[in-house]
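Enquirer:
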Amino acid sequence: MSANTVNIVVVGNGMVGHHFVEQITNHGKTDDSVHYNVTVLSAEPRLAYDRVHLSEYFSGKTADDLALTTPEQYSALGVDFHLDAAVVDIDKQAKSVKTKSGQTFAYDKLIMATGSYPFVPPIEGNDQPHCLVYRTIEDLEDISASSKVSKTGVVVGGGLLGLEAANALREAGLETHVVEFAPQLMAVQVDTGGGRLLRDKIESLGVQVHTQKATQRIEAGETSRYRMCFADGDFLETDMILFSAGIRPQDTLARQYDLNIGERGGIIVNNHCLTSDPDIYAIGECALWNNFIFGLVAPGYTMARAAASHITGGDVEFLGADMSTKLKLMGVEVGSIGDAHARIPGAQTYIYENQPDGVYKKIVVNREQSVLLGAVLVGDTSDYDTLLQYALNGIDLPEHPESLILPASGDAPAGLGADALPDTATICSCHNVSKGDIIAAFDGGACDLSAVKSCTKASTGCGGCSALLKTVVDSELGKRGVEVKKDICEHFAYSRQELYHMVKVGKIKSFDALVEKHGHGLGCEICKPAVGSIMASVWNDFVLEKPHVALQDTNDTYLGNMQKNGTYSVVPRIAGGEITPDKLIVLGQVAKKYNLYTKVTGGQRIDLFGARVEQLPPIWEALIAAGFETGHAYAKSLRTVKSCVGSTWCRYGVQDSVGQAIDLENRYKGLRAPHKIKFGVSGCTRECAEAQSKDIGIIATENGWNLYVCGNGGMKPRHGDLFATDLDDATLVKYIDRVLMFYVATADRLQRTSVWMDNLEGGLAYLQDVVINDSLGLGEELERQMQHIADTYQCEWKTAIESEESRKRFRQFVNSDESDKQIVFVQEREQIRPATESELDELKRSAKSAEQIIDVELV
Amino acid sequence: MSTVKNWTDICNLGDLVDNSGVCALVNGEQVAIFKIKQRDETYYYAISNWDPIGKANVLYRGLIGSVADKTVVISPLFKQRYCLASGECLDDEQRQVNVFGVRVEGNKVQLALAS
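From first to last, the protein sequence lines stand for chains A and B. Sequential numbering of the first sequence, starting at 742, is according to this note's numbering. Sequential numbering of the second sequence, starting at 4, is according to this note's numbering.
(1) For G1329/A, is the classification buried or exposed, using 16 other Cβ atoms within 10 angstroms of its Cβ as the cut-off for buried?
(2) How about A1155/A: is its C-beta nearer than 8 Å to some C-beta of chain B?
(3) Helix, strand or coil: how does DSSP classify T1167/A here?
(4) Since L27/B meets chain A, which of its residues come closer than 9 Å, beta carbon to beta carbon?
(5) Return the residue from the list L1412/A, G1400/A, G1421/A and L1405/A that minimises the CA-CA distance to K1383/A.
(6) Determine whether the Cβ of K38/B lies closer than 8 Å to any Cβ atom of chain A.
(7) Compare the C-beta of M1303/A against all C-beta atoms of chain B and say whether one is closer than 8 Å.
(8) Closer than 7 Å by beta-carbon distance: list the chain B residues that pair up with N1500/A, in chain order.
(9) If we define contact as Cβ-Cβ less than 8 Å, is N9/B a contact residue for chain A?
(10) From which residue to which residue does the alpha helix (DSSP H) around E1521/A run?
(11) To which residues of the same chain is R1380/A closer than 8 Å at the C-beta, ignoring the five residues directly before and after it?
(12) Please list, in chain order, all residues of the same chain as L66/B whose beta carbon is under 6 Å from its beta carbon, the five residues on each side excluded.
(13) So the beta strand (DSSP E) H951/A belongs to, where does it begin and stop?
(14) State yes or no: is the C-beta of E1502/A nearer than 7 Å to some heavy atom of the ligand ATP?
(15) State yes or no: is the beta carbon of T45/B nearer than 8 Å to at least one beta carbon in chain D?
(16) Would DSSP call K1410/A helix, strand or coil?
(17) Taking just the CA atoms, how far does E879/A sit from S985/A?
(18) At 7 Å on the CB atoms, spell out the chain A contacts of D18/B, in chain order.
(19) Keeping to the same chain, check which residues put their C-beta closer than 8 Å to that of R1572/A; ignore five residues upstream and five downstream.
(20) Bridge partners for R84/B per DSSP, in chain order?
(21) Compare the Cα-Cα distances from A972/A to each of P812/A, G962/A and T952/A and report the closest residue.
(22) Hey, could you find the ends of the alpha helix (DSSP H) K1269/A is sitting in?
(23) Less than 8 Å between the CB atoms is what I'm expecting for G866/A and I959/A, so what's the real figure, rounded?
(24) To the nearest angstrom, report how far apart L782/A and L809/A are at their CA atoms.
(25) Any C-beta of chain A sitting closer than 8 Å to the C-beta of F103/B?
(26) Thinking just about the alpha-carbon of each residue, which of I988/A, E1266/A, A1159/A and I1229/A is nearest to the one in S1216/A?
(27) Three-state secondary structure (DSSP) at H1141/A?
(28) Does any CB atom of chain A fall closer than 8 Å to the CB of V61/B?
(29) Looking at Y48/B: is its Cβ nearer than 8 Å to the Cβ of I39/B?
(30) Mapping the DSSP letters down to three states, classify S887/A as helix, strand or coil.
(31) Using a Cβ cut-off of 7 Å, pull out every chain A residue sitting near Q41/B, in sequence order please.
(32) Per DSSP, which residues does E108/B bridge with? Please list them.
(33) When the distance is taken between beta carbons, is H776/A closer than 8 Å to N745/A?
(34) Mind pulling the chain A residues with CB within less than 7 Å of I56/B?
(35) Please report how far the alpha carbon of L1364/A lies from the alpha carbon of P1313/A, in whole angstroms.
(36) To the nearest angstrom, how far is it from the Cα of K1333/A to the Cα of A1576/A?
Structure representation (structure tokens):
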């Protein structure tokens, strides 16, 4: 440790306080001349979590999912932290703080990141048990508990947070009302016209909106728990009331210790976020800068950086922040930029309203119509990124500014190219990454999107800038002349997609013919299985047909996954995870007879491990006789369709998810693809089947099925994108046919659907256009190809065991019936497992032959 | 080691699979035998079946390929490539698998065993 130690105490561990901790500990990694000893005191019972996405707690996220850090991570950073440790006392002379439990902590620098508290209007009767607020995870637990014993819920406040809270109540199944004092919803961000459309949309979702209502009293109700009495004599009965009428800075502590406080609250800070005390800083929603409280996370982060910079001798200052926002409320897109209300003198406006489609757009420009001052977008925020860049960077507007919001005529996109942005343009406001920073990342050696993301953190906050980031990265790659080589391997100078077309168009049916015509050599572990998969996708021949055998990787040849000791796993299909007791018994009997290790997998089926190559045919014979078929666990093809139990049994289910899962699994089983494919089907919005982490995810709605595509679990988790909503069964299958067949035809080798879509020019919107609008005119052809594959499906194991020729492959020795004596198992938890190397050595040393040991161990 | 070659019948030609491998048990040792058809020629190779990196008897189940002009088998476990003619591992200079003489006499596949 260095001689210079600075004790920093951070009061509050919200998102901003946490960001400060990250900043200061990061600084310590690059500069060890000073040691920053960081102590975090949190009033809440848990460390920092994502309050921006708090409402997702109701759609199934847990407190752990929302967490921004863990005790382990803080410990690893050397941060001393205390939970349930509200600070009750500051001693400015002794420079120490005291928590409610009486512990004191000395500081050199004190950071106030106490945040805000929900404002509860002074209404008579507002302190009753089911009158709640919406701020912390504990609040959400209270709301959740209350909603279980309530039928109706009212949110007081029609602002951004109020509408989010209303959505939470709606999702909890309550009859939901919003009561707003002002004449419109979201009065801060949206103008009258946008507010009107927003109200229509929200009411059409079943939430009743009451504007210009001042609540005077909450008394006992007649039909519900409470009655809210309004100033105009009206009343509304409800079982629960949720106050979301704005926030107030949590400045009580600062007031007691006479830091300068604003007239309407908030700890006054300067550009360094320093308060009136030279050793105390305030950041986030408790801080008042230029007489303004910033209630968004991005400005809070900037404040955290400014304070950390001032302490460490840097020059980052807080100079105000852009309060533009883009969000989705109950599926309604809303965006607000800059001077949304055209209050700047001389401001001119352009308005586009499309009532049938529910779209409202307004831009505010200066008198000369040269600079964009603000914008309001309701119903469609696809122009938000472009407009924000115009506004933030003062980019010259086109001759007809209205062209920015009018529907594009023809195919010219109105988007602003990455080249038009100055280097100072902010791309990611959460982490303050400019276009210049991204160029610097390239100069520093980053060479793709993920490298840029990991070194700049761009797009890792709210994620709102991801499309813009990709445009900038792609443009920069193009400028640097980076050409991505698509050759699949040394034997073919083509991509998988090109090979696919050659096979299909040239009607090529064997690897030899393909290599003769378009490649050279004998192939390799890359091109051969790829071509095998293409042949299977295009022609759907049995994979063990002679011309294809030599193409398959061992897993495909032996129709099982090879394990570390050369044995195979046996994985029968259990469609949708549904299995009869009789079949379960058969699995047990087979496993017992051949002494296989059994495990239930994440894909809702049962794997049997440890089968020797020569045991595979008799094992499958027994399984097929009992009605099983291959599960394709060895192949790049459809694996499982995971399902929850659905409306048949579940109290909450709205559709038969198991039935749907079985139908889908049976339709797509055997489809060979560039990589494995997984499905999930959930019977309601609770999403117990985790469908959004699958390539194809289906979630039941009251009206049908919502389709999500291109999700991924595994190494790089990614939530699927909502592709289409409320589909009937036939349309669902049609869309999946088209999406999958398009993927099979166009993806690169070993490219999962998520990466494939991210690499499609135009991404999700393009895929929707191809599949839903049939923009390429390929729809029917794709369906026809899928139908051919479904029609020609065969269980590969059934075909294999029926053919003497195929069975011959499953021999350990061509000249002996012995089995491989070097495969040795030992027992663990009453099942077999491969012996480890040291166990094998041990066995050898004990001078018994392996055979004797097997006998001893296994009998 | 004796230089005299002792050719021993192992199996019938029909037991081999084009462009793929089978395994024979010869005096307790496992030998992988490959039949490779390239253009109009047919080549036969035999190497030890033991994968020295994966530590299992699996080489005969590997995929056949070529690296420049070398014909290789690719281990099904961890994908190292072994030259069928020389036994050298192209991905790890330290490794080498045994190579055996192999020929076809009439309908019989024969291996050369040290006598």
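No residue lacks a Cβ here, since even glycine has one placed at the ideal position from N, Cα and C.
Expert: The structure says:
(1) exposed
(2) Unreliable placement is indicated for A1155/A, whose pLDDT of 46 sits below 50; no coordinate value is reported for it.
(3) strand
(4) Going by the sequence as given, residue 27/B is Ala instead of Leu. What A27/B touches in chain A: F1554, V1555, N1556 and S1557.
(5) G1421/A
(6) no
(7) yes
(8) Under the 7 Å cutoff, chain B gives no residues; its nearest Cβ is about 25 Å from N1500/A.
(9) no
(10) G1520 to D1532
(11) G1344, G1372, H1373, A1374, K1417, I1418 and K1419
(12) I77
(13) Q949 to H951
(14) What this structure holds is no ligand at all, so the ligand ATP is not there to describe.
(15) Of the protein chains in this structure, namely A and B, none is chain D.
(16) coil
(17) 15 Å
(18) V1555
(19) For the record, residue 1572/A in the displayed sequence is Gln; it is not Arg. Contacts found: Y1338 and T1339.
(20) I77/B
(21) T952/A
(22) C1268 to W1280
(23) 3 Å
(24) 16 Å
(25) no
(26) A1159/A
(27) coil
(28) yes
(29) yes
(30) helix
(31) L1263
(32) K111/B
(33) yes
(34) Within chain A, no residue comes near I56/B; the closest Cβ sits about 11 Å away, beyond 7 Å.
(35) 8 Å
(36) 19 Å
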